[in-house]
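I have placed the structure first, in the form of structure tokens, so that the comments after it can refer back to it.
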Amino acid sequence: MKLPFWADGAVFGALLVPVALSLKMICPVRVGCFADPFLVVLFAPLVILEWFFGRGAVSVMWEILFLIIFWGGIWTVLAYLYGNIVAYEKRLQNREVI
Numbered sequence: 012m013k014l015p016f017w018a019d020g021a022v023f024g025a026l027l028v029p030v031a032l033s034l035k036m037i038c039p040v041r042v043g044c045f046a047d048p049f050l051v052v053l054f055a056p057l058v059i060l061e062w063f064f065g066r067g068a069v070s071v072m073w074e075i076l077f078l079i080i081f082w083g084g085i086w087t088v089l090a091y092l093y094g095n096i097v098a099y100e101k102r103l104q105n106r107e108v109i
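Quick note: the numbering used here has the sequence shown finishing at residue 109, numbered continuously throughout.
Structure (structure tokens):
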């Protein structure tokens, strides 16, 4: 049974942060890591969190939880929209021309 697109997006978004952090943790310190370019984009939403709560009020645990929820929500919405586009294209292909 295939999951709906929005559920696939939610799972992918929720696993994106832990996988990227795990890749960063297993990289040697002296060598550049594959995950380095992704971490800049991955941690960019923390500006929203610091703007809303202030710099000192946020702990590391809440930052990681915020990132998981944020990217999970973003990928859920994107996958939902993609699923609607795919369904619309299928309806257009199945429609008979008069």
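Backbone N, C-alpha and C fix where the C-beta goes; we use that ideal spot for every residue, glycine too.
Bear in mind the structure is a predicted one, so any value in this text is a computation, not a measurement.
If I measure Cβ to Cβ from residue i and keep anything under 6 Å in the same chain, skipping five residues before and after, which residues do I get?
i   : result
L78 : V28
K13 : none
What residue range does the alpha helix (DSSP H) around residue i cover?
i    : result
R102 : 71 to 105
Taking the alpha-carbon of residue i as reference, which of the options has the nearest alpha-carbon?
i    : options              : result
F49  : Y99, A31, G84        : A31
I75  : V42, K13, V88, L60   : L60
V71  : F45, I85, F54        : F54
V145 : K101, W82, I96, R106 : No answer is possible for residue 145: the residues shown for the chain start at 12 and end at 109.
G24  : R102, L92, L103, W86 : W86
Suppose the cutoff is 8 Å on Cβ atoms and the five residues either side in sequence are ignored; what does the same chain contact list for residue i look like?
i   : result
G94 : P15, F16, W17
D19 : A90
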